[in-house]
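Report on one structure; see the data block that follows.
Numbering (UniProt numbering), first residue to last: 1 to 388.
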């Protein structure tokens, strides 16, 4: 069934694991954590900012080691290890009332989630022909958006005095994902690419990519800025009900999911320039609009445009990076690049909450300015060259 849709069973299972695991992460960080910390725990939003930043900091620090482990053990086993850590962290978070321990357990969750992208992206690339890279990347990101977008929406309906039940649902979801990793088997996924190399040798491998590293950092910093402030912005500034908040998330997320695979196919056929550059400009315009609009229907439209922009950017950007990475260093280099991206995600929540405290619209307009600037940069330098 899967083969005639362009992906095999092992690819489908890897994508399913990513969907379930990102459902849990999105539900926790965007909906459950802010409600739990500011509600039952009675703490400020700053605790949420530190918890989310600790999560992404540890997620970032451990992506490099996770990529190295992928080269040694193969993607499925690394995912198994990561999900075991995630289940332990969730159980700890649901059984503590101390804000410091919440930060610790949410950070520990980041160690587990550090395995997601190096393992899934390396695994799907091992199983994918080069001419289908952007299409499969579109499927991977569709799974990510579907999971991380539907998670906050679903959990949002359980936040009226049912926080413990919400935590239990997240634990059980990660347990299911853990079980799926145990049945994934394809000889190509267990091929070891590990190479012992001095740090100077690794530095020489990274050096050709220095022009794209700032973009990796800044693009993900803008996303990190949004994470802890979306729910308080919609609740306290827009005065939306939980149902309206869910509608807004679902509308933009659903459009992104629907467009990711078609945009991946367009990128495979016509190249990177239009989706990458155009997506940056469209994202900048959409985030600017979200920061200043107050009526629900225009906000829904702006959210849909933001969804379109991310559907344009994600397959193009990641297909480009995949094309650059030599096969013999794929796990480690994916881990390194994702570490740079994760640094942006770690800085983003602290900066976003600080700016939100000054003026609720400031995180949106700064993110818009950054993405628009990146669009102008990619007009001058569109990084298109094949891996050797």
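Think of the CB as a built atom: it goes at the ideal place given N, C-alpha and C, for glycine as much as any other residue.
Inter-residue Cα distance where the pair is residue i and residue j
{"i": "residue 108", "j": "residue 326", "result": "31 Å"}
{"i": "residue 9", "j": "residue 292", "result": "45 Å"}
{"i": "residue 179", "j": "residue 83", "result": "9 Å"}
{"i": "residue 379", "j": "residue 146", "result": "30 Å"}
{"i": "residue 276", "j": "residue 14", "result": "26 Å"}
{"i": "residue 398", "j": "residue 129", "result": "What the structure shows of the chain is the stretch from 1 to 388, and residue 398 is not part of that stretch, so it cannot be assessed."}
{"i": "residue 97", "j": "residue 322", "result": "43 Å"}
{"i": "residue 303", "j": "residue 104", "result": "33 Å"}
{"i": "residue 240", "j": "residue 267", "result": "37 Å"}
{"i": "residue 137", "j": "residue 45", "result": "34 Å"}
{"i": "residue 238", "j": "residue 248", "result": "11 Å"}
{"i": "residue 356", "j": "residue 22", "result": "25 Å"}
{"i": "residue 75", "j": "residue 142", "result": "20 Å"}
{"i": "residue 68", "j": "residue 118", "result": "9 Å"}
{"i": "residue 336", "j": "residue 100", "result": "29 Å"}
{"i": "residue 222", "j": "residue 33", "result": "20 Å"}
{"i": "residue 155", "j": "residue 166", "result": "6 Å"}
{"i": "residue 189", "j": "residue 132", "result": "18 Å"}
{"i": "residue 368", "j": "residue 150", "result": "24 Å"}
{"i": "residue 216", "j": "residue 315", "result": "14 Å"}
{"i": "residue 288", "j": "residue 310", "result": "15 Å"}
{"i": "residue 177", "j": "residue 127", "result": "20 Å"}
{"i": "residue 279", "j": "residue 375", "result": "8 Å"}
{"i": "residue 89", "j": "residue 341", "result": "23 Å"}
{"i": "residue 262", "j": "residue 359", "result": "37 Å"}
{"i": "residue 19", "j": "residue 294", "result": "32 Å"}
{"i": "residue 235", "j": "residue 365", "result": "19 Å"}
{"i": "residue 372", "j": "residue 232", "result": "25 Å"}
{"i": "residue 54", "j": "residue 349", "result": "10 Å"}
{"i": "residue 124", "j": "residue 224", "result": "25 Å"}
{"i": "residue 324", "j": "residue 274", "result": "19 Å"}
{"i": "residue 226", "j": "residue 284", "result": "13 Å"}
{"i": "residue 2", "j": "residue 72", "result": "Any reading at residue 2 must be qualified, since the residue scores a pLDDT of 46, below 50, and its modelled position is unreliable; the value itself is stated next. So the alpha carbons of these two residues sit roughly 28 Å apart."}
{"i": "residue 271", "j": "residue 305", "result": "22 Å"}
{"i": "residue 246", "j": "residue 300", "result": "11 Å"}
{"i": "residue 157", "j": "residue 370", "result": "34 Å"}
{"i": "residue 244", "j": "residue 181", "result": "36 Å"}
{"i": "residue 36", "j": "residue 320", "result": "39 Å"}
Selected residue, minimal CA-CA separation from residue i, among the options
{"i": "residue 211", "options": "377, 299, 252, 157", "result": "377"}
{"i": "residue 333", "options": "231, 361, 63", "result": "63"}
{"i": "residue 28", "options": "209, 76, 368, 110", "result": "110"}
{"i": "residue 214", "options": "381, 37, 120", "result": "381"}
{"i": "residue 186", "options": "77, 114, 271", "result": "77"}
{"i": "residue 153", "options": "254, 322, 72, 268", "result": "254"}
{"i": "residue 318", "options": "46, 120, 232, 68", "result": "120"}
{"i": "residue 269", "options": "354, 134, 21, 25", "result": "134"}
{"i": "residue 307", "options": "233, 17, 281", "result": "281"}
{"i": "residue 115", "options": "344, 367, 369, 339", "result": "339"}
{"i": "residue 228", "options": "51, 182, 173", "result": "51"}
{"i": "residue 353", "options": "25, 16, 48, 35", "result": "48"}
{"i": "residue 313", "options": "118, 102, 264, 258", "result": "264"}
{"i": "residue 113", "options": "164, 91, 59, 92", "result": "59"}
{"i": "residue 183", "options": "12, 365, 311, 360", "result": "12"}
{"i": "residue 95", "options": "262, 41, 350", "result": "41"}
{"i": "residue 297", "options": "176, 181, 106, 252", "result": "252"}
{"i": "residue 260", "options": "144, 301, 43", "result": "144"}
{"i": "residue 220", "options": "250, 66, 351, 246", "result": "351"}
{"i": "residue 163", "options": "181, 218, 91, 148", "result": "91"}
N-terminal and C-terminal residue of the alpha helix (DSSP H) that residue i is part of
{"i": "residue 15", "result": "9 to 26"}
{"i": "residue 43", "result": "Where residue 43 is concerned, there is no enclosing alpha helix (DSSP H), given that its DSSP letter is neither H nor E."}
{"i": "residue 252", "result": "242 to 270"}
{"i": "residue 341", "result": "330 to 358"}
{"i": "residue 216", "result": "213 to 226"}
{"i": "residue 361", "result": "Segment: none, residue 361 is in no alpha helix (DSSP H) and carries neither H nor E."}
{"i": "residue 187", "result": "No alpha helix (DSSP H) contains residue 187, which DSSP labels as neither H nor E."}
{"i": "residue 132", "result": "Residue 132 -> no alpha helix (DSSP H), and no H or E assigned at all."}
{"i": "residue 178", "result": "163 to 181"}
{"i": "residue 157", "result": "Per DSSP, residue 157 belongs to no alpha helix (DSSP H) and is neither H nor E."}
{"i": "residue 113", "result": "99 to 113"}
Whole-Å CB distance - residue i paired with residue j, under 8 Å assumed
{"i": "residue 81", "j": "residue 230", "result": "The Cβ separation is near 31 Å, so there is no contact."}
{"i": "residue 56", "j": "residue 362", "result": "That pair is no contact at about 20 Å."}
{"i": "residue 79", "j": "residue 140", "result": "The pair is not a contact, with the Cβ atoms about 14 Å apart (cut-off 8 Å)."}
{"i": "residue 87", "j": "residue 171", "result": "6 Å"}
{"i": "residue 24", "j": "residue 173", "result": "5 Å"}
{"i": "residue 331", "j": "residue 38", "result": "Actually they are not in contact, since the Cβ atoms of residue 331 and residue 38 sit about 39 Å apart, beyond 8 Å."}
- Task: Identify every run of the alpha helix (DSSP H) within the region 265 to 331, keeping only runs that are complete inside it and at least 4 residues long; order them along the chain.
- Result: 273 to 292, 296 to 324
- For the region 24 to 86, list the alpha helix (DSSP H) runs that are entirely contained and at least 4 residues long, ordered along the chain. 33 to 38, 45 to 61, 63 to 73
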